[in-house]
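Take a look at the structure set out below.
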Amino acid sequence: AEDIACVVDSYAPDFVKMHNGKVTDTPITKDFWSGTFMLVDIAMYYDIQENVAINQASLRYTETVTTTDGSDLGLPASNDFPWNQTFVQNEEALITVDDNCKMRLWDQHGDEAEQREVERAADEILC
Numbered sequence: 004a005e006d007i008a009c010v011v012d013s014y015a016p017d018f019v020k021m022h023n024g025k026v027t028d029t030p031i032t033k034d035f036w037s038g039t040f041m042l043v044d045i046a047m048y049y050d051i052q053e054n055v056a057i058n059q060a061s062l063r064y065t066e067t068v069t070t071t072d073g074s075d076l077g078l079p080a081s082n083d084f085p086w087n088q089t090f091v092q093n094e095e096a097l098i099t100v101d102d103n104c105k106m107r108l109w110d111q112h113g114d115e116a117e118q119r120e121v122e123r124a125a126d127e128i129l130c
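Number 130 marks the last residue of the sequence shown (this note's numbering); no jumps.
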């Protein structure tokens, strides 16, 4: 199980997430992460991890997102879209942290089509 308190604690109060230069307005709350982890499983595989400046790191990674099959939501298990789908996203990110190592900025760049498919599946599950 994911440690939601630890996840939330890793962000600075002024945290901003960007995707391809746009602020995503991602809420960093226990409710957000509890809901996220109920709907999807996220795995990240890092190709490159390097410190590029004081309090900054650069990552290149593949993110694999798998949606729930619905059974953990009390629904019959399904493999029909958007249920039990796996999406692969190739991304790069520049991460800025404060002096307490809390993330202040996650500035990622990746393929818009890959991102839209994940968002489309999440929207269909929620709606």
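By construction, the Cβ of each residue, glycine as well, lies at the ideal position given by its N, Cα and C atoms.
#1: Can you give me the C-alpha to C-alpha distance between residue 49 and residue 95, rounded to a whole angstrom?
#2: Can you give me the start and stop residues for the alpha helix (DSSP H) that residue 88 sits inside?
#3: When you compare the segment 51-59 with the segment 74-87, are there three or more beta-carbon pairs, one atom per stretch, that lie closer than 8 Å?
#4: Whose CA, out of 64, 97, 28, lies closest to the CA of residue 17?
#5: Quick check on residue 113: does DSSP put it in helix, strand or coil?
#6: Between residue 21 and the rest of its own chain, which residues show a CB-CB distance below 8 Å, the 5 nearest in sequence each way excluded?
The short version:
#1: The residue given as residue 49 occupies position 46 in the sequence shown. The residue given as residue 95 occupies position 92 in the sequence shown. Their backbone Cα atoms lie some 10 Å apart in a straight line.
#2: Looking up residue 88 in the sequence shown gives position 85. No alpha helix (DSSP H) holds residue 88; DSSP gives it neither H nor E.
#3: no
#4: If you number the sequence shown from 1, residue 17 lands on position 14. Checked all of 64, 97, 28; the closest Cα to residue 17 is 28.
#5: On the sequence shown, position 110 is the one that residue 113 refers to. Three-state DSSP puts residue 113 in a strand.
#6: To locate residue 21, count along the sequence shown from 1; it is residue 18. Excluding sequence neighbours, residue 21 sits near 27, 108, 109, 110, 111.
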